[in-house]
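Take a look at the structure below.
Protein chains: 2
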Amino acid sequence: MPDLTMETPIRPLPEEPTQASRFGKARTAQSGALLEDYVELISDLLTDGGEARPTDIARRLGVAHATAIKTIGRLKREGLAVAKPYRGVFLTEAGESLAARVRARHRVVVDLLLAVGVPFEAAESDAEGIEHHVSDATLAAFARYLARG
Amino acid sequence: MPDLTMETPIRPLPEEPTQASRFGKARTAQSGALLEDYVELISDLLTDGGEARPTDIARRLGVAHATAIKTIGRLKREGLAVAKPYRGVFLTEAGESLAARVRARHRVVVDLLLAVGVPFEAAESDAEGIEHHVSDATLAAFARYLARG
DNA sequence: CTCGGAATGTAGCCAAGGCTACATTCTGTT
DNA sequence: AACAGAATGTAGCCTTGGCTACATTCCGAG
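If you read the sequences in order, they're chains A and B.
Using numbering that gives the first Met the number 0, the letters of the first sequence correspond one by one to residues 0 to 148.
Using numbering that gives the first Met the number 0, the letters of the second sequence correspond one by one to residues 0 to 148.
Rendered as structure tokens:
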């Protein structure tokens with residue numbers, strides 16, 4: 000599991016074991032995607048509602064509550080979240096900062112899609128999957144493109 | 000497992016069980032990604048080399064040969080490939096047509112990335128992950144954008 | 001023709017992410 | 001205060017996609 004708690008860029012992945020092709024990269028990057036989604040969502044729920052309850056998280060992600068709770072456990076293990084039984088979920092410093100970076104990236108991806116003419120619905124929907132595969136170089140290019148207008 | 004053998008668009012996914020949000024969609028789409036990669040690669044190997052051997056596939060995908068062989072088994076179960084022991088892998092009609100669609104989509108995604116200023120290396124690399132999350136609507140928008148120049 | 005190394009295949013293990021079923025705790029209404 | 005129903009948590013199972021270790025088959029040099 001990549002160490003998602005790092006600062007700086009959004010993709011703090013450890014080196015690929017060897018010369019694994021670009022396929023391997025895409026696959027490895029996939030690992031952190033779920034955690035990123037959870038952290039982003041929890042941050043959203045906390046911001047506009049004050050609390051993040053497992054049931055809400057599960058409903059929003061379209062999974063069973065048990066699945067959400069299990070993943071929240073992983074979040075805790077990874078040092079991204081804290082939660083006492085029956086008391087809701089909160090983010091650590093690391094979790095907050097990851098959430099911020101994920102959110103920023105999400106916005107750039109959606110804006111880029113819209114800018115090239117993707118319909119709003121599709122842009123929002125596809126961005127959710129795409130964003131986890133956007134490298135820093137690509138993200139920077141997107142930002143430049145948007146800045147140019 | 001989505002039925003990847005269908006014709007028409009590139010995303011022949013069965014309906015989501017309920018109102019699962021866009022997160023769920025992204026997750027579900029993920030299922031077929033690996034098979035798409037395999038089929039695309041096998042098609043490539045067959046085209047410029049005449050044969051697709053498990054070891055080559057494994058090396059190109061950066062996985063152990065056992066993993067490749069296991070996945071080839073899935074390809075067979077899904078009706079996308081055929082293979083007799085020690086005789087290499089071949090694609091069925093369905094496999095070929097999926098490969099063609101995947102390849103076409105890959106090209107559009109890479110071209111779009113390049114068009115907005117993503118460096119070549121990053122474009123090729125990120126496209127591998129991104130392409131599996133590009134809906135038909137988004138793909139069409141990409142094509143339009145590229146056509147406009 | 002045979003024999004050794006490479007390729008292929010099999011078995012069994014692991015973690016992630018999903019589920020259902022069941023147990024426990026909380027909480028809002030009476 | 002008590003209880004019913006909702007929320008939360010636990011247990012156990014499944015599939016995917018990885019891996020290593022071992023077994024088998026193929027094939028090219030001698």
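Here a beta-carbon is modelled for each residue, glycine too, at the ideal position from N, C-alpha and C.
Residue from the options whose Cα sits closest to the Cα of residue i
i: B/E35; options: B/K83, B/A136, B/E123, B/A93; result: B/A93
i: B/S134; options: A/G31, A/A126, A/E95, A/D55; result: A/A126
i: A/F119; options: B/D110, B/A136, B/E123; result: B/A136
i: B/G87; options: B/E50, B/A140, B/A139; result: B/E50
i: B/R59; options: B/I41, B/A80, B/T46, B/L112; result: B/I41
i: B/T54; options: B/I68, B/R147, B/T46; result: B/I68
Straight-line Cα distance separating residue j from residue i
i: A/H158; j: B/I71; result: Limits of chain A in this structure are 0 at one end and 148 at the other, which puts residue 158 of chain A out of reach.
i: B/E39; j: A/P84; result: 47 Å
i: B/R143; j: B/A122; result: 19 Å
i: A/V101; j: A/L33; result: 12 Å
i: B/V81; j: A/S96; result: 48 Å
i: A/D43; j: A/S124; result: 17 Å
i: B/L111; j: A/D110; result: 15 Å
i: B/G151; j: B/L79; result: Nothing about residue 151 of chain B can be reported from this structure: the residues present for chain B run from 0 to 148 only.
i: A/R147; j: B/A57; result: 42 Å
i: A/L113; j: A/L45; result: 28 Å
i: B/L138; j: A/A139; result: 22 Å
i: A/F141; j: B/F141; result: 14 Å
i: B/A63; j: B/R52; result: 13 Å
Exposed unless 16 or more other CB atoms sit within 10 angstroms - verdict on residue i
i: A/Y37; result: buried
i: B/E130; result: buried
i: A/E77; result: buried
i: A/G31; result: buried
i: A/A65; result: exposed
Integer-rounded CB distance, given that residue j should sit under 8 Å from residue i
i: A/H132; j: B/G61; result: Actually they do not touch by this definition, with Cβ atoms about 16 Å apart.
i: B/A103; j: B/L90; result: Contact flag wrong, Cβ pair sits at about 16 Å.
i: B/V107; j: B/L74; result: B/V107 to B/L74, Cβ: 24 Å. No contact.
i: A/V115; j: B/V115; result: 7 Å
Exercise. Between the segment 100–125 of chain B and chain A, which residues of the former have a C-beta closer than 9 Å to a C-beta of the latter?
Worked result: L111, L112, A114, V115, G116, V117, P118, E120, A121, A122, E123, S124, D125
Problem set entry | Residues, ordered as in the chain, of the segment 41–61 of chain B that lie near chain A by beta-carbon distance below 8 Å | Residues passing the 8 Å Cβ filter: R59, L60, G61.
Problem set entry | Against chain A: residues of the segment 128–143 of chain B by CB proximity under 8 Å | G128, I129, H131, H132, V133, S134, A136, T137, A140, F141, R143
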